[in-house]
Amino acid sequence: MRAVSSLFTYLFGNWGDYRVFSAHLLLTTLLLASSRAPMAIGLGAVAVIAHLASVGPFIEVFPALAPSYLYNKVHITAFRVATRPVIVFDARQDPWCNTLVSANDPYFYRYMIGLPPGIGVTMLFGSQPNRPLRSRYVLLDPDPDRWSMGTPTLTTVGPERVRLTVGDWLSLDLKPLVPTSIGQLYENLDARCPGG
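Residue numbers (the numbering used here): 136 to 331.
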């Protein structure tokens, strides 16, 4: 019964882990379709029809996603050249001091493979983060159209210091490091990492 109910309650779209769910959905649909029970065959048919109905929208949307999956050495190299002088991996530091948090959808960009080895990447989305945010590096685009969690406000606090606030749930003291093609890179002064 859980498998059947999940067919109708699972979240599809940007927030759904459809890659994980798709194998189970396919197997369940095949099992339902191969059953002798009329109810199971009917459920399998409903699942197949629903997915056939989504072929048109899929064909329209998929070409726009293709550039996200293409290897582009020029862009990766440009990101690496821009970030290598300011993002430094140090194995002696707390792991959070070797972490970059990405704050805008799609959160993980293909250019990030240009980050130094050992630098972790985490995403900031959903609910209120633990305070203070512990990642040393912050990659974000303050353009309100790129935020799904509220309208950001970027305020200059000093010559090399800005404060980013989003509603009443996020407030960060940041030091601008370098602009990149996917957003501004900052050092999170709230992380209290050595050298920061």
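Virtual Cβ for every residue (Gly too), placed ideally from N, Cα, C.
As the structure is a prediction and not an experimental result, all values here were calculated from the model.
Which residues in the same chain have their Cβ closer than 7 Å to the Cβ of residue i, if we skip the five residues on either side of it in sequence?
i, result
"Arg219", "Pro251"
"Val273", "Val236, Ala238, Leu307, Leu309, Tyr321, Asn323"
Going by DSSP, what residues sit across from residue i in a beta bridge?
i, result
"Pro312", "Reading off the sequence shown, one finds Leu at residue 312, where the question assumed Pro. None, per the DSSP bridge assignment."
"Glu322", "Tyr272, Lys310"
"Val209", "Answer by DSSP bridge pairing: none, since Val209 is not bridged."
"Gly255", "Thr234"
"Arg298", "Thr290, Asp308"
Indicate whether residue i and residue j have their beta-carbon atoms separated by less than 8 Å.
i, j, result
"Leu275", "Asn323", "no"
"Leu320", "Leu312", "yes"
"Gln228", "Pro329", "yes"
"Ile317", "Tyr244", "yes"
"Val297", "Thr290", "yes"
"Thr163", "Val183", "no"
Among residues of its own chain, excluding the 5 on either side of residue i, which ones have a beta-carbon nearer than 6 Å to its beta-carbon?
i, result
"His210", "Tyr246"
"Leu93", "Past the edges of the chain, shown from 136 to 331, lies residue 93, and the structure says nothing about it."
If contacts are defined as beta-carbon pairs under 8 Å, then residue i and residue j qualify, I think. What distance do you get, rounded to the angstrom?
i, j, result
"Ala326", "Arg271", "5 Å"
"Ala185", "Ile176", "15 Å between Cβ atoms; not a contact."
"Asn233", "Ile254", "6 Å"
The ligand ZN heavy atoms versus the CB of residue i: any closer than 7 Å?
i, result
"Val256", "By its list of ligands, the structure shown contains no ligand whatsoever, and the ligand ZN lies outside what it can speak to."
Residues in its own chain within less than 8 Å of residue i by CB, not counting five upstream and five downstream?
i, result
"Leu200", "none"
"Ala172", "none"
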